[in-house]
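Numbering (the UniProt record's numbering), first residue to last: 1 to 177. For glycine and all other residues, C-beta sits at the position ideal for the given N, C-alpha and C. Quantities reported herein were computed from a predicted structural model and do not represent experimental measurements.
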Amino acid sequence: MSNRNPKQENGGSKIQHVKLVLLGDQGVGKSSIALRFVRGEFYENSEATVGAAFLTQTVNVQGHSIKFDIWDTAGQERYHSLAPMYYRGAQAAIVVYDITNQKSYDRAVAWVKELRQQANSQITIVLAGNKADMAHDSRAVQIEEAKHFSESNDLGWFEASAKTGMAVGDIFMSVGK
Numbered sequence: 001m002s003n004r005n006p007k008q009e010n011g012g013s014k015i016q017h018v019k020l021v022l023l024g025d026q027g028v029g030k031s032s033i034a035l036r037f038v039r040g041e042f043y044e045n046s047e048a049t050v051g052a053a054f055l056t057q058t059v060n061v062q063g064h065s066i067k068f069d070i071w072d073t074a075g076q077e078r079y080h081s082l083a084p085m086y087y088r089g090a091q092a093a094i095v096v097y098d099i100t101n102q103k104s105y106d107r108a109v110a111w112v113k114e115l116r117q118q119a120n121s122q123i124t125i126v127l128a129g130n131k132a133d134m135a136h137d138s139r140a141v142q143i144e145e146a147k148h149f150s151e152s153n154d155l156g157w158f159e160a161s162a163k164t165g166m167a168v169g170d171i172f173m174s175v176g177k
């Protein structure tokens, strides 16, 4: 990720700042993924995000400190027009879909296309299928479909579970590499 913003903090060591935006339909678990990554918490019945929420988390990736400035956007359609305000200038985007909901995947594909057309040309995009803990009983989006789309569009791709914590950290760490 070439356009990180290095700043001196903590006694002179450089911390790379990465603006990261979470995009996806309402109810796919964007806020849950962010809270799991930042606080290690999960709430079964969380309220819908209004507008956007902002969180930060500093991690060490391959010997370098990276501070993620995370913009967790609202997924309701009425807030869609606000999204460019959040992804403008972002170095990374995590586009989240619910593996039990094909429509959410189709919308994630549309988000990726929008990012490719309107966001920073150097943006790192990761496609993340959430709710992997429900894969056995309720899978609607096939692994092969998401994996093929990701490979064809030069995206990172993960299936994760904000509920169990599975692969949530891996998503963010892949952005930091």
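Here DSSP, grouped into helix, strand and coil, assigns residue 98 to strand. Here residue 57 is bridged, per DSSP, to 68. Under the Cβ criterion (8 Å, minimum of three pairs), the stretch 137-153 does not count as touching the stretch 31-45.
Relative to the Cα of residue 48, the nearest Cα in the group 59, 64, 55 and 29 belongs to 29. Per the Cβ contact rule, the stretch 18-25 is in contact with the stretch 62-81 (3 or more Cβ pairs under 8 Å).
Rounded to the nearest angstrom, the gap between the Cα atoms of residue 55 and residue 120 is 21 Å. By the Cβ test, the stretch 121-135 is in contact with the stretch 150-164, since at least three Cβ pairs between them sit closer than 8 Å.
Taking every protein chain shown into account, the CB of residue 159 has 16 or more other CB atoms within 10 angstroms, so this residue is buried. Going by beta carbons, residue 123 and residue 90 fall inside the 8 Å limit. Contact check for residue 171 against residue 94 passes: the beta carbons are separated by less than 8 Å. With fewer than 16 neighbouring CB atoms inside 10 Å of its own CB, residue 43 falls in the exposed class. The C-alpha of residue 177 is placed about 20 Å away from the C-alpha of residue 115.
Cβ atoms of residue 52 and residue 74 come within 8 Å of each other, at about 6 Å.
Around the Cβ of residue 131, a 10 Å sphere holds 16 or more other Cβ atoms; the residue is buried.
Secondary structure of residue 144 (DSSP, three-state): helix.
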